[in-house]
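Chemist: For the protein sequence lines, the chains are A, B and C, in the order given. Residues in the first sequence are numbered consecutively from 4, following the working numbering. Residues in the second sequence are numbered consecutively from 53, following the working numbering. Residues in the third sequence are numbered consecutively from 81, following the working numbering. Idealized CB from N, CA, C, for every residue including glycine.
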Amino acid sequence: MDTREKQTPAIDIRKLGKVFGAKKVLRGLDFQAKPGEFVVILGPNGAGKSTLLRILATLSRPTGGEVRVAGYKLPEMASAVRARLGVVTHQPMLYGNLTAEENLLFFGSMYNLTGARARIQLILETIGLASCRRDLVRTFSRGMQQRLAIGRAILHDPEVILFDEPYTGLDLEACDVLDRILLKVIDINRTVVLTSHDLSRVDSLATRFDVLNRGVIVASVLRNAMPGTLLDFYREALA
Amino acid sequence: MTPSQRTTKPIRVVLSILWKDLVSELRSRELLPALLVFSLLVVILFNFAIELSPDLRLVITPGILWVTFIFAGNLGLNRSIAAEKELGCMDSLLLSPIDRSAIFFGKVLGNLFFLMCIEIIILPIYSLLYNLNLFHPSLLLIFLLGSIGYAAVGTLLSVMAVQTRLRDLLLPILFFPVILPLLMAAVKACDAVLQGQGVSNASSWLNLLVAYDLIFLAVGYMVFDFVVAE
Amino acid sequence: MNRPPKILTFLSILSSILFLLALGLVLFFTPLEAKMNYVQKVFYFHLSSAWVGMLGFICAAISGIAYLVSQDMKWDIIEVASVEISLVFFLNAIVSGSIWAKPSWGTWWTWDPRLTTAAILEMIYVAYILLRQGIDDPERRARFSAVYTLVGGLSVPVTFLSIRLWQSIHPAIIVTQGTEGGSSFGMTPAMLFTMIFSILTFTFIFVTLLWHRIRIGHLAVLVAELRNQENEEMQS
């Protein structure tokens, strides 16, 4: 076990700024997450949640401030971060004309996996798609695609996993399945950040709730230390 | 088994992307047949639009073929990049710890493969339809060289075009003015071969083709990161 | 930033005066050419316009590379300014060239290397403008524009050489350069002087216009920022 992980935060953001032209989306945002934490970031639409996640995912560059993921500074060490990062967004990011297995094989080679087949077998069982391994992804329901997307995200055993509005477009049953898989994914060495604007689902899994509004984190509370309901906390944070 | 501490080897990335594109296309069987039919139809359109005696036909054949492939290739490029963008797959490639120029070469090879497929099928059909002998190996070489340059510039510009509001409409507007040297060189070289003048006569045109290919493969390699980053 | 710097105002006035002088020279000072009479006089500004077009082209290409290397937005503003000016002046060159060509060669258009390349370059400029129009994010717009400038900047010289190569193989088909006037052969001192004076004048005009356009570009960025600030104040 790398002792570096125990001491430094998995995610360390200080005074993060992001502008698109003249439009400021993130304004001096501070955020830290330690290994093993499951942080849910709530916030209204347009608050900057997706922008924040895209920067953490190395898909977007910060225009100000400092960002470190898994100890590596962004954007300079983006490649090192990518090897340790798994991302699930509301788009499946899967190839429809490949089978589930082939998708995982492809991404396995992108992440330079060795012993891929055994790993893929394990992943398919974890996400409950082992029986559909030879089916084309374009025949999958949205829920199944989302599950496979999670499989892709954890394929290379990342230290940090990001979920951007993962419940979008899922029916109740699919959401339940997603929750069950999330439980399996949580680990004391892994850090999970999940954004959502839907409060109802995220209650049970998180260790911490942050609220992002107008480009900064306006409130943060540990699950155990939350005074009332999540809804009350959220409403108060936005006021 | 642990993830590599460094970026994945570029050659592995290139070959994986190529494999992925080939398997996807062979499974769906959508793009290639459509492009083949389109190419054939364009050739037939030319037949009705430009009425020619047999001896003149040999002179105009390289031009017709290359214009046809340019249009068909344009459709193919658009489709190829749209497929990546649709389900957010391009993002998944960008999330991987790989050298992004490897994505460029992987896509170029994939697009090159589709182009060559079309050319290899259309050339014999054209030969049959017009009773011409197009079975020169040097002709195939010219088509290969031309297709490489076409794929290089086309891949780079299609990635840009798909991220604008006009999307696939913008590709030919960006692409065609820039592809002219390649068109000229390819047509002239084919001309020399078909007129029986031998490849040596076409050497300056071949040099131009190779130079064009090298220049734009290099440009694509250097700037691809800029067109996929945010 | 509201008033233009004194040097720029001076340059504007200087350019205007020089232009009037050049116009006077062309109309009254230069002799009437034997065969062509007044039409030949189009030539001075035709060449000068093409010269400015070239300056703009080179400026745009350099700015594009500079942006890709430095990611500094000021290069994007310079690039757009150069492209716009080059577009207009090459258009001027093409049109004046046509006006000159019709009486000389009996045709409005020839497919000679320079004219054809200028026309293709215009198409690339239009494509450039359409590309920019289709992108909202200023940073992405700058990046893509710079890449396209690089691609265009490399392909245009290659296009020119290709057409020249084509011509050298079929000299009979296309009208040769002839006395279109790359050299000063057959030019009287008065003509030569006017020629150089025109080129100099147009160079001043280029610099003046470029500076003005760059200023406007910076002002536009400022306006966008102010507008954004105002929107945010209204929201909170």
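Could you list which residues in chain B have their beta carbon closer than 7 Å to that of F109 of chain A, in chain order?
Modeler: Residue numbering aside, residue 109 of chain A sits at position 106 when the first sequence is read from its first letter. Going along chain B in sequence order, the residues near F109 of chain A (Cβ under 7 Å) are S68, K72.
Chemist: From the beta carbon of M53 of chain B, is the nearest beta carbon of chain C less than 7 Å away?
Modeler: Taking the first residue of the second sequence as position 1, residue 53 of chain B is located at position 1. In this prediction, M53 of chain B has a pLDDT of 38, which is less than 50 and means its spatial position is unreliable; nothing more can be read from the coordinates.
Chemist: Starting from S256 of chain B, find everything on chain A with Cβ-Cβ shorter than 7 Å and list it in chain order.
Modeler: Position 204 of the second sequence holds residue 256 of chain B. Residues of chain A passing the Cβ test: none, with the nearest at roughly 42 Å.
Chemist: Please list the partners that G131 of chain A has in chain C, where partner means a Cβ-to-Cβ separation under 9 Å.
Modeler: Stepping through the first sequence from its first residue, residue 131 of chain A is reached at position 128. The contacting residues do not exist; G131 of chain A stays about 39 Å from chain C at best.
Chemist: Would a check of beta-carbon distances place G24 of chain A closer than 7 Å to chain C?
Modeler: In the first sequence, counting from the first residue as 1, residue 24 of chain A sits at position 21. True, the Cβ-Cβ gap to chain C drops below 7 Å.
Chemist: Tell me where the alpha helix (DSSP H) around G104 of chain C begins and ends.
Modeler: Reading the third sequence from its first residue, position 24 is the one you call residue 104 of chain C. From DSSP, the alpha helix (DSSP H) with G104 of chain C extends over 86-104.
Chemist: Kindly indicate which three-state DSSP category E79 of chain A falls into: helix, strand or coil?
Modeler: Numbered from its first residue, the first sequence carries residue 79 of chain A at position 76. Of the three classes helix, strand and coil, the one that applies to E79 of chain A here is coil, per DSSP.
Chemist: Determine the chain B residues that contact L175 of chain A at a beta-carbon separation under 9 Å, and present them in chain order.
Modeler: Within the first sequence, residue 175 of chain A is the residue found at index 172, counting from 1. Within chain B, no residue comes near L175 of chain A; the closest Cβ sits about 24 Å away, beyond 9 Å.
Chemist: Taking C-alpha atoms, which residue in B:F227, B:V75, B:V280, B:M274 lies nearest to L210 of chain C?
Modeler: Residue numbering aside, residue 210 of chain C sits at position 130 when the third sequence is read from its first letter. Among B:F227, B:V75, B:V280, B:M274, the Cα nearest to that of L210 of chain C belongs to B:F227.
Chemist: For my contact list, G131 of chain A and A119 of chain A are in at a C-beta cut-off of 8 Å; report their separation, rounded to the angstrom.
Modeler: Position 128 of the first sequence, counting from 1, holds the residue named residue 131 of chain A. Position 116 of the first sequence, counting from 1, holds the residue named residue 119 of chain A. With a Cβ gap of about 20 Å, G131 of chain A and A119 of chain A do not count as contacting.
Chemist: Is K27 of chain A helix, strand or coil when you go by DSSP?
Modeler: Numbered from 1 along the first sequence, position 24 holds the residue referred to as residue 27 of chain A. The answer is strand: DSSP assigns K27 of chain A an E or B state.
Chemist: Around the C-beta of Y202 of chain B, are 16 or more other C-beta atoms found within 10 angstroms, so that it is buried, or is it exposed?
Modeler: As a working mapping, residue 202 of chain B is identified with position 150 in the second sequence. It is buried - the Cβ of Y202 of chain B has at least 16 other Cβ atoms within 10 Å.
Chemist: Using only the alpha-carbon positions, how far apart do F282 of chain C and G144 of chain C sit?
Modeler: For the purposes of this step, residue 282 of chain C is taken as the residue at position 202 of the third sequence. For the purposes of this step, residue 144 of chain C is taken as the residue at position 64 of the third sequence. Distance between the alpha carbons of F282 of chain C and G144 of chain C: 23 Å.
Chemist: Looking only at its own chain, which residues have a Cβ that is under 8 Å from the Cβ of F143 of chain A, when we skip the five neighbours before and after it?
Modeler: Counting from 1 along the first sequence, the entry for residue 143 of chain A is found at position 140. Excluding residues within five positions, the ones whose Cβ falls inside 8 Å are A103, C135, L151.
Chemist: Any chance you could list the alpha helix (DSSP H) runs of at least 4 consecutive residues sitting entirely within the region 172-219 of chain A, in chain order?
Modeler: Complete alpha helix (DSSP H) runs here, min 4: 175-188, 202-205.
Chemist: In its own chain, which residues sit with a C-beta less than 7 Å from the C-beta of Y75 of chain A, not counting the 5 before and 5 after it?
Modeler: One-based indexing of the first sequence puts residue 75 of chain A at position 72. Counting only Cβ-Cβ distances below 7 Å, and skipping sequence neighbours, we find A83, V84.
Chemist: Which same chain residues end up closer than 6 Å to W188 of chain C when comparing Cβ atoms and leaving out the 5 residues on each side of it in sequence?
Modeler: Position 108 of the third sequence, counted from the start, is the residue given in the question as residue 188 of chain C. Closer than 6 Å at Cβ, skipping near neighbours: S178, K182.
Chemist: Following the continuous beta strand (DSSP E) through D167 of chain A, name the residue where it begins and the one where it ends.
Modeler: What you label residue 167 of chain A is simply residue 164 of the first sequence in a count that begins at 1. Unbroken beta strand (DSSP E) run through D167 of chain A: 163-167.
Chemist: Is it right to say S264 of chain C is buried, meaning 16 or more other beta carbons lie within 10 angstroms of its own, or is it exposed?
Modeler: Within the third sequence, residue 264 of chain C is the residue found at index 184, counting from 1. In this prediction, S264 of chain C has a pLDDT of 40, which is less than 50 and means its spatial position is unreliable; nothing more can be read from the coordinates.
Chemist: Just tell me which of B:R64, B:S210, B:A135, B:L161 has its CA closest to the CA of L101 of chain A.
Modeler: For this step, residue 101 of chain A is matched to residue 98 along the first sequence. Per the Cα distances, B:A135.
Chemist: If we count the other Cβ atoms within 10 Å of its Cβ and call it buried at 16 or more, is A242 of chain A buried or exposed?
Modeler: If you number the first sequence from 1, residue 242 of chain A lands on position 239. The residue is exposed, with fewer than 16 neighbouring Cβ atoms inside 10 Å.
Chemist: Have a look at V219 of chain A and P218 of chain C and give me their C-alpha separation to the nearest angstrom.
Modeler: Walking along the first sequence from the start, residue 219 of chain A turns up at place 216. Walking along the third sequence from the start, residue 218 of chain C turns up at place 138. So the alpha carbons of these two residues sit roughly 23 Å apart.
Chemist: Let's see if you can read the secondary structure: which residues bound the beta strand (DSSP E) around F41 of chain A?
Modeler: Taking the first sequence and counting its residues from 1, one reaches residue 41 of chain A at position 38. 41-45 is the extent of the beta strand (DSSP E) around F41 of chain A.
Chemist: Run the CB neighbour count on F137 of chain C, radius 10 Å, all protein chains shown included, and call it buried at 16 or more, exposed below.
Modeler: Here residue 137 of chain C refers to the residue found at position 57 when the third sequence is read from its first residue. Classification for F137 of chain C: buried.
Chemist: If you compare alpha carbons, which of A:L181, A:V188, A:E79 is closest to E162 of chain A?
Modeler: Here residue 162 of chain A corresponds to residue number 159 of the first sequence, with the count starting at 1. Nearest of A:L181, A:V188, A:E79 to E162 of chain A, Cα basis: A:V188.
Chemist: Which runs of the alpha helix (DSSP H), 4 residues or longer, sit entirely within the region 85-122 of chain A?
Modeler: Complete alpha helix (DSSP H) runs here, min 4: 103-113.
Chemist: With burial defined as no fewer than 16 other Cβ atoms inside 10 Å of the residue's Cβ, what is the status of H298 of chain C: buried or exposed?
Modeler: For this step, residue 298 of chain C is matched to residue 218 along the third sequence. The residue in question, H298 of chain C, is exposed, as its Cβ has fewer than 16 Cβ neighbours within 10 Å.
Chemist: If you reduce the DSSP assignment to three classes, tell me which class R17 of chain A lands in.
Modeler: Here residue 17 of chain A is taken as the residue at index 14 of the first sequence, counted from 1. Correct three-state label for R17 of chain A: strand.
Chemist: Ordered along the chain, which non-local residues of its own chain (more than five positions away) have a Cβ less than 6 Å from that of D151 of chain B?
Modeler: Translated into positions along the second sequence, residue 151 of chain B becomes position 99. Hits under 6 Å: T59, P62.
Chemist: For R79 of chain B and chain A, any beta-carbon pair shorter than 7 Å?
Modeler: Position 27 of the second sequence, counted from the start, is the residue given in the question as residue 79 of chain B. Closer than 7 Å to some Cβ of chain A, the Cβ of R79 of chain B qualifies, so yes.
Chemist: Go to E69 of chain A, then tell me how far its beta strand (DSSP E) extends in each direction, as first and last residue.
Modeler: Mapped onto the first sequence, residue 69 of chain A falls at position 66. From DSSP, the beta strand (DSSP E) with E69 of chain A extends over 67-72.
Chemist: Judging by CA-CA distance, which residue of C:Y118, C:A304, C:I285 is the nearest neighbour of V132 of chain C?
Modeler: By one-based count along the third sequence, residue 132 of chain C stands at place 52. Of C:Y118, C:A304, C:I285, the residue nearest in Cα terms is C:I285.
Chemist: Taking Cβ positions only, does S140 of chain B come closer than 7 Å to chain A?
Modeler: Indexing the second sequence from 1 puts residue 140 of chain B at position 88. Note that residue 140 of chain B corresponds to Gly in the displayed sequence, not to Ser. Yes - at least one Cβ of chain A is within 7 Å of the one on G140 of chain B.
Chemist: For A141 of chain C, which three-state DSSP category applies?
Modeler: Here residue 141 of chain C corresponds to residue number 61 of the third sequence, with the count starting at 1. Note: A141 of chain C maps to helix in three-state DSSP.
Chemist: Can you find a CB in chain D that lies within less than 7 Å of the CB of D217 of chain C?
Modeler: Here chain D cannot be found, since the structure's protein chains are A, B and C.
Chemist: Starting from the C-beta of G172 of chain A, find all residues in its chain whose C-beta is less than 6 Å away, skip the five residues before and the five after it, and write them out in chain order.
Modeler: For the purposes of this step, residue 172 of chain A is identified with residue 169 of the first sequence, where counting begins at 1. So the qualifying residues of the chain are R145.
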